[in-house]
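*Asks:*
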Amino acid sequence: MTKIPCAQFSSHDCIHAMFGLGNLPENLRAKLDSTYLSQLLEKILSLPYLSPIFVARVVQSLLVFSQHQQALSPQFKQLVDALILPLAHFPADIQQGFKDKLGTLQQHCPAWHDYLQQQLRGEVAPVIPCEALASEESTSAPISQPSPRQQQPATTPRPKPRPAAARVAAPNNRIYQLISANDFSALETLLETKLDSLASIHRRVQQAQAKKLPPNAHQADGEKAADLLVTSFFNNSNSAQLCQLISKSNAKHFCLLIKACSLAKRFSLGRTNLLAPIIVYLPIDECTTFINFLVNKAQMYRDHRVVLNLIEALQIRRALEKDEDNKNEIKTLAINLMDRALDFHGLAHHHKVIEKLRRTLDKNQLFTLTISEGEEEGANSIVESSAPAQPQTTQTQTTTVPVNQANKQPVINSEYQYSSEDIQTILRLRLQEKNIADTAILASTDLNSTGLNSPAATIKQYLQAAQTTNRLHRALIPVLVNNNHWVELLLEINHKKITNISLFNSLKQNNQALAQHLNDQLLNKPNLAMPNLRVKPGAYCLEQDNSTDCGAFLVENFYCAVLNSQWPQTNNLGTTIRTRHLKLLREHDRPFHDQFYNRQKNNRNDVPALAKQMQSHGLFSSKDRDSSSNNAARNKQAPFTTNQRSVAAAAPNARLSLKSI
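Just so we're aligned: the sequence shown equals residues 1 to 661 in full-length UniProt numbering.
(1) State the start and end residues of the unbroken beta strand (DSSP E) segment that holds R474.
(2) Quick test of the definition: if touching needs 3 or more C-beta pairs under 8 Å, does the stretch 536-554 touch the stretch 500-513?
(3) Quick one: what does DSSP say K297 is sitting in, helix, strand or coil?
(4) Do you know offhand how far R358's Cα is from H593's?
(5) Could you say which of I335, L472, E286, Q464 lies nearest to E492 if we only look at CA atoms?
(6) What does the alpha-carbon distance come out to for the pair P537 and L431?
(7) Return the first residue and the last residue of the alpha helix (DSSP H) that S419 is part of.
(8) State the start and end residues of the unbroken beta strand (DSSP E) segment that holds E329.
(9) Check for me: the beta strand (DSSP E) holding V487 runs from which residue to which?
(10) Are the CB atoms of A226 and A260 within a distance shorter than 7 Å?
(11) Is F290 helix, strand or coil when you go by DSSP?
(12) Could you pull out every unbroken alpha helix (DSSP H) segment of at least 4 residues lying fully inside the stretch 58-124, listed in chain order?
(13) In chain order, what are the residue ranges of uninterrupted alpha helix (DSSP H) at least 4 long that sit wholly in the stretch 216-280?
(14) Quick check: what's the CA-CA separation for A111 versus K601?
(15) Note down the Cα distance separating T288 from G270, rounded to an integer number of angstroms.
(16) According to DSSP, is L503 helix, strand or coil?
(17) Candidates L476, E421, F65, F90: which alpha carbon is nearest F54's?
(18) Taking 7 Å as the limit between beta carbons, can you name the residues of its chain near H351, skipping five residues before and five after?
(19) If you compare alpha carbons, which of N435, N510, V535 is closest to N519?
(20) How would you label E433, buried or exposed, when you count the other beta carbons within 10 angstroms and need 16 or more for buried?
(21) Taking contact to mean 3 or more Cβ pairs, one atom from each stretch, closer than 8 Å, check whether the stretch 233-252 and the stretch 175-189 are in contact.
(22) Quick one: Cα of T439 to Cα of I335, how far?
(23) Which of the three DSSP states is assigned to T445 in this structure?
(24) How many angstroms separate the CA atom of A319 from the CA atom of V411?
(25) From what residue to what residue does the alpha helix (DSSP H) around T576 run?
(26) For T231 and H304, I'd like the C-alpha separation in whole angstroms.
(27) Given F233, which residues of its chain have a CB within under 6 Å of its CB, disregarding the five upstream and five downstream residues?
(28) Under three-state DSSP, which class holds T458?
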């Protein structure tokens with residue numbers, strides 16, 4: 001067996017090396033001397049923060065080398081002291097591993113056995129708990145000690161500012177001193193957080209790409225210097241002193257450290273678990289602020305490895321808390337973080353990442369949804385939502401539903417308005433149920449648009465696409481009216497010519513005015529293959545009785561028109577349809593179902609508030625039709641939806657949809 005010198009390993013490499021050494025056959029383990037193992041452990045112990053989960057696995061690997069107990073005992077005790085959680089809070093495989101090895105360890109190394117067992121029972125105080133840190137006598141300067149600049153006499157001239165490269169070589173406790181002194185302004189100056197605007201950064205990226213420079217050549221010197229300073233602060237700080245500093249500090253200092261770093265460095269800090277001590281030791285209110293910053297500002301949810309590390313740190317913090325309110329607050333933070341990550345990676349179609357995150361949900365009791373006794377009847381029952389009368393326009397607390405909660409009764413929120421992606425996904429699955437062929441689902445369009453996102457441009461691109469079939473088929477086009485209301489166009493096409501075009505609008509009082517508006521828009525466009533055709537209201541159309549069911553009814557109007565069928569008009573039809581859609585997603589597209597359920601349950605949509613919807617749902621009356629373009633320009637509402645595909649991709653989208661779905 002060839003031993004790689006420890007000098008070639010980083011501290012994190014040493015952790016994984018110990019994992020592997022613990023699984024070696026006994027004849028190979030005998031060839032490892034205590035000096036080599038000691039060097040590995042020294043590098044591991046040099047980390048500024050030791051995750052109890054990683055430490056537990058290192059300790060389990062170290063237990064098989066108990067023959068070197070005399071040489072390794074000091075490092076063994078340091079590692080065991082970092083197991084700040086009781087055994088019951090570790091993952092099941094770690095718990096079982098300790099139970100299997102403690103019996104054998106008691107015979108061969110009783111000293112290690114007793115010390116480890118006391119720590120796992122919580123009988124030995126952790127090395128760096130918040131309570132102990134407050135009274136611990138630090139070997140370094142006290143936190144209240146003024147910085148060297150504050151100690152200088154008033155007559156001493158202030159030195160000239162040094163360049164960024166020189167500041168990197170300064171003592172690594174400079175950030176520590178500024179945080180200790182609560183000198184936020186000086187910390188901003190040191191880290192140079194007043195960076196260029198995003199437009200300037202984008203321009204430097206383009207220049208670097210044009211000149212074929214290294215990938216990080218577009219970074220400003222201040223960004224590079226901040227990356228090095230922050231990394232040095234975390235890597236070179238004494239573990240106990242760092243945790244003591246965190247326990248007495250505000251979240252704004254550490255938010256500033258993250259803000260100063262480049263996006264790649266932020267992810268690097270999260271992947272190497274350097275952010276964990278901040279989460280574990282910040283006061284609970286400050287921890288809430290810090291986690292919200294990581295989610296909403298630093299975009300940490302984009303890297304699933306960072307998300308898993310942050311979730312682990314929140315688990316540790318929750319296990320250390322004694323107050324139930326604090327435990328619930330930390331649980332809420334973890335759920336919101338996981339929910340944001342699931343939303344992001346689901347929209348990006350990162351299916352493997354979604355599976356990893358869902359496995360974390362399944363095996364982790366932190367995310368178990370509490371179901372009341374009244375919700376135990378079954379998944380097909382209808383539940384009236386208790387959502388407020390007006391949709392919330394800000395992100396609210398969300399609850400992620402694990403896979404094993406599928407047998408619980410879902411909550412149906414009738415105030416949620418479907419987004420473009422909701423309509424596209426549900427409609428595709430709805431048609432797939434009946435194996436309906438020769439039907440293309442085109443990209444969603446905006447009635448008020450005059451560019452590529454308009455219905456006319458979408459139809460034109462689809463007809464001109466080489467892949468468009470010549471045989472008789474249908475094309476479905478969702479249309480957004482004034483960013484508030486969904487209607488749909490059903491086109492019958494034969495040999496790339498439109499033979500019929502129908503409008504389905506669940507607000508029937510506006511049908512004639514809306515059809516006239518579409519005729520004015522479409523007939524003025526050349527090459528649409530619509531000789532002597534006019535848009536006509538569909539023969540059968542569901543009629544909504546509120547201001548939010550238009551997206552759900554759009555799906556069913558298409559479905560009924562294609563199958564020539566009808567829904568019975570009942571008082572609870574909207575809730576019945578929404579329940580049917582949720583069940584369909586749960587059975588055929590589970591990743592999207594998990595995202596959709598949380599969005600609709602918590603009314604997290606991309607459409608305006610209810611008051612805006614009520615004002616605009618009567619927009620296309622006969623007296624307002626001529627002024628509709630002025631209304632659209634005056635309202636200037638937000639872009640369509642963040643989930644909508646570009647209409648420039650309408651032709652390939654249609655090509656995929658023309659399969660026998």
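All C-beta atoms, glycine included, are put in the ideal place defined by N, C-alpha and C.
No experiment lies behind these values; they were computed from the predicted model shown.
*Replies:* The short version:
(1) Locating residue 474 in the sequence shown gives position 474, counting from the first residue. Segment 473-481, the beta strand (DSSP E) holding R474.
(2) yes
(3) Counting from one through the sequence shown, the residue named residue 297 turns up at place 297. If DSSP states are grouped into helix, strand and coil, K297 belongs with coil.
(4) Position 358 of the sequence shown, counted from the first residue, corresponds to residue 358. Position 593 of the sequence shown, counted from the first residue, corresponds to residue 593. R358 and H593: Cα-Cα distance of roughly 12 Å.
(5) For the purposes of this step, residue 492 is identified with residue 492 of the sequence shown, where counting begins at 1. Checking every option, the nearest Cα to that of E492 belongs to L472.
(6) As a first step, residue 537 is located in the sequence shown; it is residue number 537 there, counting from the start. As a first step, residue 431 is located in the sequence shown; it is residue number 431 there, counting from the start. In a straight line, the C-alpha of P537 is about 22 Å away from that of L431.
(7) The sequence position of residue 419 within the sequence shown is 419, counting from 1. No alpha helix (DSSP H) contains S419, which DSSP labels as neither H nor E.
(8) Residue 329 sits at position 329 when you count from the first residue of the sequence shown. Not the beta strand (DSSP E): E329 falls in the alpha helix (DSSP H), residues 324-347.
(9) Within the sequence shown, residue 487 is the residue found at index 487, counting from 1. Counting along the chain, the beta strand (DSSP E) containing V487 begins and ends at 485-494.
(10) Along the sequence shown, one-based indexing puts residue 260 at 260. Along the sequence shown, one-based indexing puts residue 226 at 226. Yes, they are a contact pair.
(11) Your numbering for residue 290 matches position 290 in the sequence shown. Shown here, F290 sits in a helix according to DSSP, grouped into three states.
(12) 69-81, 92-108, 110-120
(13) 221-236, 239-247, 251-260, 263-271
(14) Looking up residue 111 in the sequence shown gives position 111. Looking up residue 601 in the sequence shown gives position 601. Going by the C-alpha atoms only, they are around 54 Å apart.
(15) Along the sequence shown, one-based indexing puts residue 288 at 288. Along the sequence shown, one-based indexing puts residue 270 at 270. Computed Cα separation, rounded: 17 Å.
(16) Along the sequence shown, read from residue 1 onward, the residue named residue 503 stands at position 503. The answer is strand: DSSP assigns L503 an E or B state.
(17) Indexing the sequence shown from 1 puts residue 54 at position 54. Nearest option by C-alpha distance: F90.
(18) Stepping through the sequence shown from its first residue, residue 351 is reached at position 351. Result list for H351: P591, in chain order.
(19) For the purposes of this step, residue 519 is taken as residue 519 along the sequence shown, with counting starting at 1. Ranking the options by Cα distance to N519, first place goes to V535.
(20) Residue 433 sits at position 433 when you count from the first residue of the sequence shown. Sixteen is the threshold: since fewer than 16 other Cβ atoms of the shown chains lie within 10 Å of the Cβ of E433, the residue is exposed.
(21) yes
(22) Taking the sequence shown and counting its residues from 1, the one referred to as residue 439 is at position 439. Taking the sequence shown and counting its residues from 1, the one referred to as residue 335 is at position 335. Distance between the alpha carbons of T439 and I335 is about 40 Å.
(23) Residue 445 sits at position 445 when you count from the first residue of the sequence shown. In this structure, T445 counts as strand in the three-state DSSP scheme.
(24) Your numbering for residue 319 matches position 319 in the sequence shown. Your numbering for residue 411 matches position 411 in the sequence shown. Looking at the two C-alpha atoms, the distance is approximately 30 Å.
(25) By 1-based counting over the sequence shown, the position of residue 576 is 576. Here the alpha helix (DSSP H) through T576 covers 573-588.
(26) Counting from 1 along the sequence shown, the entry for residue 231 is found at position 231. Counting from 1 along the sequence shown, the entry for residue 304 is found at position 304. Approximately 21 Å, taken between the alpha carbons.
(27) Position 233 of the sequence shown, counting from 1, holds the residue named residue 233. Once the five neighbours on either side are set aside, the close Cβ partners of F233 are I175.
(28) Sequence index remark: in the sequence shown, residue 458 carries index 458 (1-based). T458: helix per DSSP, three-state reduction.
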